[in-house]
Amino acid sequence: MAAVGAVQVRCAECDVAVPITTEITSTGVEGSRLIMSVKPDLTDVIAHAWTRDLGRDDL
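No gaps in the numbering here: position 48 of the sequence shown is 43 in our numbering, and each next residue is one more.
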């Protein structure tokens, strides 16, 4: 069973918070530790970097 979560990273160049959606899945247990896999969706990060690099005049 997977869960969906979100985190944010702040762009160092323009100080905008960019969301990253994540899929979190339990992959097993070792003793008393739960092992989890976190897969990020970097689409918004790539789109932000691309549009920021273009500049407002190019959009």
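Glycine included, every Cβ here is placed at the ideal spot set by N, Cα and C.
Just so you know, these numbers come straight off a predicted model, no measurement behind them.
Indicate the three-state DSSP secondary structure (helix, strand or coil) for residue i in the structure shown.
i	result
residue 53	Note on residue 53: pLDDT 48, under 50, position unreliable in the model; the coordinate value appears next. Residue 53: helix per DSSP, three-state reduction.
residue 46	helix
residue 11	coil
Within a Cβ cutoff of 7 Å, which residues of the same chain sit near residue i, ignoring the five residues on either side of it in sequence?
i	result
residue 12	3, 5
residue 53	Residue placement at residue 53 cannot be trusted, given a pLDDT of 48 that sits under 50; what the coordinates show is reported in the next sentence. Hits under 7 Å: none found.
residue 9	47
Who are the Cβ neighbours of residue i in its own chain at under 8 Å, not counting the five residues just before and after it?
i	result
residue -1	16, 17, 18, 19
So, for residue i: in the same chain, excluding its five sequence neighbours on each side, which residues have a beta-carbon less than 6 Å away from its beta-carbon?
i	result
residue 44	none
Where do the N-terminal and C-terminal ends of the beta strand (DSSP E) with residue i fall, by residue?
i	result
residue 29	28 to 36
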